[in-house]
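Undergrad: Just dropping this structure here.
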Amino acid sequence: MSFIDFSIIDAIDIAIVGLLIWQIYRAIRGTAAFSIFWGIALVYLLWLGVKIAGMELLSVILGQVMGVGVLALIIVFQPEIRRYLLMIGSRYSSSKGVFGKWFKREESHSHSIIGSEEIAKACYAMSTTRTGALIAIERKSNLDVYAETGDIIDAELSNRLIQNIFFKNSPLHDGAMIMRDGRIWAARCILPTSENPNIPPSLGLRHRAAFGLSENTDALLIVVSEETGGISVIDSGKRRTVGSYEELLMTLS
Ligand SMILES: Nc1ncnc2c1ncn2[C@@H]1O[C@H](COP(=O)(O)OP(=O)(O)OP(=O)(O)O)[C@@H](O)[C@H]1O
C-alpha cells in the first residue's frame with residue numbers, strides 16, 4: 105500500500121507544493137492571469153481524467169498541449185514572474201546576503217534619512233494645506249520594481265519640489281514618490297496594498313499602500329492625509345502619528 109510508504113519527505117514535498125500554489129495564487133489573484141491560470145488548471149484536470157479513463161488519443165493530444173503550455177505559461181505570465189522575482193529579490197537581498205534579512209532592519213534604523221529637514225518641511229507644509237502625500241524612502245531593500253510603475257525623475261531633493269509633485273493639479277501627484285540616496289528618484293508609483301485586517305478601517309488606500317510596502321521591504325514610509333492633514337510614519341509595518349514638524353524631523357533624523 106502506497107500510504108504505508110508515506111514518509112516525512114513526502115509530507116515536506118506536499119507542504120512545499122502547497123506553499124508554492126499559495127504564493128502563485130497570492131501573486132496573481134485579481135489579475136487577468138488568474139483566469140488563465142484556472143483555464144490551464146482545468147485542462148490539466150481534464151488530461152488527468154482522460155488518462156485515468158484510458159482514452160489514449162485524447163491523452164496524447166492533451167499531453168502535448170500541457171507540454172507546450174509550460175512555455176506558453178512563462179510567456180503569458182512574464183510580467184508577473186518578473187515582478188514577483190524582483191519583489192522576492194528586493195525583500196531578501198542586502199549587503200549581508202541571505203542573512204541580511206535579520207540584520208538590515210536594525211542597521212537601517214541606526215541611519216538617519218538624508219535630506220530629512222527638506223522632507224519634514226515639505227510634509228509639514230502639505231499637512232497644513234491638507235495635501236495628500238505618500239513618500240517611500242529606500243533603505244536596504246531595492247525599490248526598483250515599484251519605481252518602474254511610475255515616472256523616474258532622479259532630481260535633487262527640495263522641500264518645494266516635493267510640494268510641487270503632490271500639488272493636486274500636478275500630473276505627478278497621484279501615487280507614491282520614491283526617494284533614493286537623498287534624491288527624488290520616482291513619482292506616481294504604485295505600491296502594493298496591505299491586506300492586514302488590523303489596519304483601522306478609517307485609513308484608506310494611501311495608508312494601506314504605505315503599510316503594504318513596509319510589510320514587503322524595509323523602506324520608511326511617510327503619509328500625509330488629505331482628509332485630516334495628519335502625518336504618519338510607517339516603519340516595519342508599524343504606524344506612528346507625528347504631531348509637529350520637530351517630531352517628524354526627530355523621527356527621520
Ligand atoms: N497602491 C497605491 N500606491 C500608491 N498610491 C496609492 C495607492 N492606492 C492609492 N494611492 C493614493 O492614495 C490616494 C487615495 O487615497 P485614499 O483617500 O483612498 O486614502 P487614505 O488612506 O484615506 O488617505 P487620505 O487620508 O489622504 O484620504 C490615491 O489618489 C492615490 O494617490
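Read in order, the letters of the sequence shown correspond to residues 105 to 357 in this note's numbering.
Don't be surprised by glycine CBs; every beta carbon is placed ideally from N, CA and C.
None of these values were measured; they are calculated from a predicted model.
1) Please tell me whether, using a cut-off of 7 Å, the distance from the CB of residue 338 to the nearest non-hydrogen atom of ligand 1 is below it.
2) What residues match up with residue 156 in a beta bridge as DSSP calls it?
3) Please say whether residue 349 and residue 293 have beta carbons closer to each other than 8 Å?
4) Mind checking which residues open and close the alpha helix (DSSP H) that includes residue 266?
5) Going by DSSP, which residues form a beta bridge with residue 287?
6) My output table needs one value for residue 323: the three-state DSSP class, helix, strand or coil.
7) Along the chain, where does the alpha helix (DSSP H) that runs through residue 225 open and close?
8) So does residue 347 have its beta carbon nearer than 7 Å to some heavy atom of ligand 1?
9) Tell whether a beta-carbon distance below 8 Å holds between residue 238 and residue 312.
10) With respect to the beta strand (DSSP E) encompassing residue 253, which residues constitute its N-terminal and C-terminal limits?
11) Check residue 239 in the structure and name its three-state DSSP category.
12) Let me know if residue 274 comes out buried or exposed under the rule of 16 or more other beta-carbons within 10 Å of its beta-carbon.
13) Please confirm if the stretch 319-329 is in contact with the stretch 223-240, defined as three or more CB-CB distances below 8 Å between the two stretches.
14) State the start and end residues of the unbroken alpha helix (DSSP H) segment that holds residue 355.
15) Assuming the contact rule is C-beta atoms closer than 8 Å, residue 356 and residue 217 should be a hit. Round their C-beta distance to whole Å, please.
16) Would DSSP call residue 208 helix, strand or coil?
17) Cβ of residue 288 within 8 Å of Cβ of residue 318?
18) First and last residue of the beta strand (DSSP E) that includes residue 342?
19) Please state the DSSP three-state secondary structure of residue 109.
20) Which same chain residues, not among the five before or five after residue 201, have their C-beta less than 8 Å away from its C-beta?
TA: On the basis of the coordinates in this document:
1) no
2) Paired residue(s): none; residue 156 is not in a bridge.
3) no
4) 263-270
5) 260 and 284
6) coil
7) 220-232
8) no
9) no
10) Per DSSP, residue 253 belongs to no beta strand (DSSP E) and is neither H nor E.
11) strand
12) exposed
13) yes
14) 349-356
15) 4 Å
16) A caution first: residue 208 carries a pLDDT of 46, below 50, which makes its placement in the model too unreliable to give a value.
17) no
18) 342-346
19) helix
20) Because residue 201 sits at a pLDDT of 46, beneath the cut-off of 50, its placement in the model cannot be relied upon, and the following sentence gives the value as read from the coordinates. Within the same chain, residue 201 has no close Cβ partners at all.
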